[in-house]
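So the protein lines, in turn, are chains W and D. Mapping the first sequence onto my numbering, position 102 (from 1) lands on 112, and the numbers just tick up by one. Mapping the second sequence onto my numbering, position 131 (from 1) lands on 137, and the numbers just tick up by one.
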Amino acid sequence: MPTITIREALNQAIREELARDERVFLMGEEVAEYDGAYKVTKGLLHEFGPKRVIDTPITELGFAGLGVGAAMVGLRPIVEFMTFNFSILATDQIINSAAKMLYMSGGQFNIPIVFRGPGGSAFQVSSQHSQAIESWYAYFPGIKVVMPSTPADAKGLLKSAIRDDDPVIFIEQERMYGNKGEVPDDPDFTIPLGVADVKREGTDVTIVARSLMVPIALKAAEKLAEQGVSCEVIDPRTIRPLDIDTIIESVKKTNRVVLAEESHPICGVNAEISSQIMEKAFDYLDAPIKRVSGVDVPMPYAKNLENLAIPDVERVIAAVREVAYLDQ
Amino acid sequence: MASKVIMPKLSPTMEEGQIARWLKKEGDKVSMGEPLAEIDTDKATMEMQALTNGVLRKILVNEGESAPLGQLIAIVGEPNEDISALLSEASAKVETPKPAAAPAEAASAPAPAAAPETNGHAKQEAAAPSSGRMIVSPLAARMAAEAGLDLRSLQGSGPNGRIIKRDIEAALSKPAATELKRGTKPLRFHAAAVATASPYRDEPASEIRRTIARRLVTSIGPVPHFFLTSEIEMDRAVEMRKGINALDPDLKISINDIVIKVIATALVQHPAVNASFQDKFVRYYERADVGVAVAIEDGLITPVIRSADLKSLSQIAGEVRELAERARSRKLKPEEYTGATFSVSNLGMFGIDEFTAVINPPEAGIVAVGAVTAKPVVRDNEVVVRQMMRVTMSCDHRVIDGATGAKFLQTVKKILENPLYLVV
Chain W
11 MPTITIREAL
21 NQAIREELAR
31 DERVFLMGEE
41 VAEYDGAYKV
51 TKGLLHEFGP
61 KRVIDTPITE
71 LGFAGLGVGA
81 AMVGLRPIVE
91 FMTFNFSILA
101 TDQIINSAAK
111 MLYMSGGQFN
121 IPIVFRGPGG
131 SAFQVSSQHS
141 QAIESWYAYF
151 PGIKVVMPST
161 PADAKGLLKS
171 AIRDDDPVIF
181 IEQERMYGNK
191 GEVPDDPDFT
201 IPLGVADVKR
211 EGTDVTIVAR
221 SLMVPIALKA
231 AEKLAEQGVS
241 CEVIDPRTIR
251 PLDIDTIIES
261 VKKTNRVVLA
271 EESHPICGVN
281 AEISSQIMEK
291 AFDYLDAPIK
301 RVSGVDVPMP
311 YAKNLENLAI
321 PDVERVIAAV
331 REVAYLDQ
Chain D
7 MASKVIMPKL
17 SPTMEEGQIA
27 RWLKKEGDKV
37 SMGEPLAEID
47 TDKATMEMQA
57 LTNGVLRKIL
67 VNEGESAPLG
77 QLIAIVGEPN
87 EDISALLSEA
97 SAKVETPKPA
107 AAPAEAASAP
117 APAAAPETNG
127 HAKQEAAAPS
137 SGRMIVSPLA
147 ARMAAEAGLD
157 LRSLQGSGPN
167 GRIIKRDIEA
177 ALSKPAATEL
187 KRGTKPLRFH
197 AAAVATASPY
207 RDEPASEIRR
217 TIARRLVTSI
227 GPVPHFFLTS
237 EIEMDRAVEM
247 RKGINALDPD
257 LKISINDIVI
267 KVIATALVQH
277 PAVNASFQDK
287 FVRYYERADV
297 GVAVAIEDGL
307 ITPVIRSADL
317 KSLSQIAGEV
327 RELAERARSR
337 KLKPEEYTGA
347 TFSVSNLGMF
357 GIDEFTAVIN
367 PPEAGIVAVG
377 AVTAKPVVRD
387 NEVVVRQMMR
397 VTMSCDHRVI
407 DGATGAKFLQ
417 TVKKILENPL
427 YLVV
């Protein structure tokens, strides 16, 4: 299997799906002539032409609505947000139109659309451009939310998202585009939405992590193994629908849970996962569920403060040691 | 962190315990699992083990004094740790009202530091739920419930003394745990080496049991026997036998078959008798595998009716006949004549009225059965004729005490005199 970056894996997924289905088209700011702000759409204009790869004005609400309309009449748009920070402007189209149309039309209109782009913390771009907002979208029924953590997952999940008949929010981690990994080059390679992946097997503590937290959790697990603690790392990959069964199965084995995420703790995705574990595996818990989240402040610009605001390997290790009662 | 030593539940029916002896003095080092004190329960004197490492800082209940389950009786902590909080909690507890019937005892109890007017306040504190609340992880609570562990006997190692998985695992891996579990869940029996033999459980022989064993052995030989005789009115049993055999003459139920069945039934009701002394522990059997003494040409052999308590009279009769025949022709396999849990010997057919049988070790008892004979007996101040049978039970005193054996024999007598008990 070739080893490629997440950026290249996403590019392959879009290219393969553009080639596979002529109803698929791509639009967004700078996606065509400039090859995308993060170069995910490199070469696509050249290959598929301006009817399939379209540069839009800086009007998120406008082109998101355009995409929803196109989806209603049978096309399968991929809408890129330069970053998900700007999707905030388009939330009315995403939530009130895309997510609810199937329900409000009595099942007449599927909205097969993918809203994709980078999200999560970025490098020193301060509060407005460096934040994780997946819990906003995951909150609403009618929309799927996907967050890959490896090149293979990025490719397999994006292809599934493009083929899916419902609106999908696909959040790529801005710091992870350059991460490398093996990716199958089979054009039919897909990963189903709603299936978690056990990234590392273990017996003592379950760490649930997504997106940027997956490599951090894996590094923590490696260090903890040296301390004699065996961690199981689970990446849900899809936030909605959530594969809670895989998590519960793991909790029943380990009896202890650490939930890691970049986003703010309050009303975050891990608050939901924590609650579901409590409801479904209460009798299996040997310690309170411990969350490791982004600090509950707007993202600081200063490098030292930014480092403190984003969960790191040390904080995950400390949380694991706490739930495993290692320092008692 | 200083931890509380509380009065543990050491018998299923225990409500309070009396400190027989502290095995450690204040200031002594203690380590987890080490005996800390001997406690007299309603049943026996039991060792209480330390559940943490540290130094025995304070003894709060002195030798000879009693405390209800869960009461703080001592404090274990670091040598120089401040234990005043725990001490004040203890003094608050001491002031909880005692039964009025024991005023003298109350007066001699450790003098409460508080003056009478603060009594009410102290009582309130003692009643506050925060002081005595047990903190347990959901998993640990479930594990303890499943294992029949009393959480009050455990010391939590988690934050704020939270009882967690590893505490339950530690408690379950300690031999003392067997003691704590007894009675609160179905007893665990081990499979015996012979596939059909009764499963058993081994319990550590108590100090008193070992002393009795040592002393009695020096008195009369390796197995200290004693004998209990009872005369049993057999009219109803004889009638029942006739009735059954009238139903099907091929059954050929004998009085001895009925005795075997009754003894097996009584054995299961008196597990203390269905046991054997094994030096360091006493082995209790779950089923009654009854050895039946059969005379053969040059001696005696005791084929075993396995699980006789579960078998019907016709099954027992058939098996006894078949095993006895093969015994006489010397065709018994070793597993068919070894490993009984108790034995029966009958010389009634030889016209013997009463005799004593020698125990077949390691069984703890044997019942010697005499002939059924018509005798004049007094019933309601009238002399009447009844079918009487004398049985004499030989008991291994290392396991069975006089009253234990007598109660067993009482049950045997009760059932034989009213064989309907076999079907109720």
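Where a beta carbon is used, it is the ideal one built from N, C-alpha and C, also for glycine. Because the structure is a prediction, the values reported are computed rather than measured.
When you compare the CB positions of residue i and residue j, do they come within less than 8 Å of one another, or not?
| i | j | result |
| --- | --- | --- |
| Leu78 of chain D | Lys15 of chain D | no |
| Lys300 of chain W | Ala281 of chain W | no |
| Val50 of chain W | Asn95 of chain W | no |
| Glu144 of chain W | Leu99 of chain W | no |
| Val178 of chain W | Lys154 of chain W | yes |
| Gly59 of chain W | Lys52 of chain W | no |
| Lys233 of chain W | Ile327 of chain W | yes |
| Val296 of chain D | Ala270 of chain D | yes |
| Glu184 of chain W | Pro122 of chain W | no |
| Thr417 of chain D | Met394 of chain D | no |
| Thr200 of chain W | Ser170 of chain W | yes |
| Tyr187 of chain W | Tyr48 of chain W | yes |
| Phe180 of chain W | Val156 of chain W | yes |
| Lys267 of chain D | Leu155 of chain D | no |
| Phe9 of chain W | Phe91 of chain W | No statement about residue 9 of chain W is possible, as the shown extent of chain W runs from 11 to 338 and does not include it. |
| Ile250 of chain D | Leu319 of chain D | yes |
| Met38 of chain D | Ile45 of chain D | no |
| Gln138 of chain W | Tyr311 of chain W | no |
| Ala8 of chain D | Glu69 of chain D | no |
| Gly152 of chain W | Lys110 of chain W | yes |
| Val390 of chain D | Val265 of chain D | no |
| Ala412 of chain D | Leu234 of chain D | yes |
Taking only three categories from DSSP, how would you classify residue i?
| i | result |
| --- | --- |
| Thr264 of chain W | helix |
| Gln338 of chain W | coil |
| His56 of chain W | helix |
| Leu99 of chain W | helix |
| Asn352 of chain D | strand |
| Val193 of chain W | coil |
| Asp359 of chain D | coil |
| Asp208 of chain D | strand |
| Phe414 of chain D | helix |
| Ser159 of chain D | helix |
| Gly238 of chain W | coil |
| Ser115 of chain W | coil |
| Ser145 of chain W | helix |
| Ala162 of chain W | helix |
| Ala328 of chain W | helix |
| Thr248 of chain W | strand |
| Thr344 of chain D | coil |
| Asp255 of chain W | helix |
| Ile226 of chain W | helix |
Looking at the secondary structure, which residues open and close the beta strand (DSSP E) in which residue i lies?
| i | result |
| --- | --- |
| Asp174 of chain W | Taken as a continuous stretch (DSSP letters only), Asp174 of chain W belongs to no beta strand (DSSP E), as it is neither H nor E. |
| Thr235 of chain D | His231 to Glu239 |
| Ile244 of chain W | Cys241 to Asp245 |
| Val511 of chain D | Since the displayed chain D opens at 7 and closes at 430, residue 511 of chain D lies outside it and no answer follows. |
| Lys209 of chain W | Asp207 to Arg210 |
| Leu178 of chain D | Run containing Leu178 of chain D: none in the beta strand (DSSP E); it sits in the alpha helix (DSSP H), Lys171 to Ser179. |
Which residues does DSSP pair with residue i in a beta bridge?
| i | result |
| --- | --- |
| Ala219 of chain W | W:Ala270 |
| Lys154 of chain W | W:Val178 |
| Trp28 of chain D | D:Ala43 |
| Gly83 of chain D | D:Val61 |
| Glu22 of chain D | D:Pro74 |
| Tyr291 of chain D | D:Tyr206 |
Alpha helix (DSSP H) containing residue i: first to last residue?
| i | result |
| --- | --- |
| Phe73 of chain W | Glu70 to Met82 |
| Val279 of chain W | Val279 to Ala291 |
| Thr58 of chain D | Thr58 of chain D -> no alpha helix (DSSP H), and no H or E assigned at all. |
| Glu32 of chain W | Run containing Glu32 of chain W: none; DSSP gives neither H nor E here. |
| Lys267 of chain D | Ile261 to Gln275 |
| Met399 of chain D | Unbroken run through Met399 of chain D is the beta strand (DSSP E), Glu388 to Asp402; no alpha helix (DSSP H). |
*Would the region 253-263 of chain W and the region 153-173 of chain D be scored as touching if the rule is three or more Cβ pairs under 8 Å?*
no
- Counting Cβ pairs closer than 8 Å, one from the region 190-204 of chain W and one from the region 109-119 of chain W, do we hit at least three? no
**Study point:** contact_flag[the region 369-380 of chain D, the region 393-403 of chain D] where n(CB pairs < 8 Å) is 3 or more
**Key:** yes
Exercise for the section: Would you be able to state if there are at least three C-beta pairs under 8 Å between the region 282-301 of chain W and the region 234-242 of chain W? Expected result: no
How about the region 240-247 of chain W and the region 210-224 of chain W: do they share at least three Cβ pairs that are nearer than 8 Å?
-> yes
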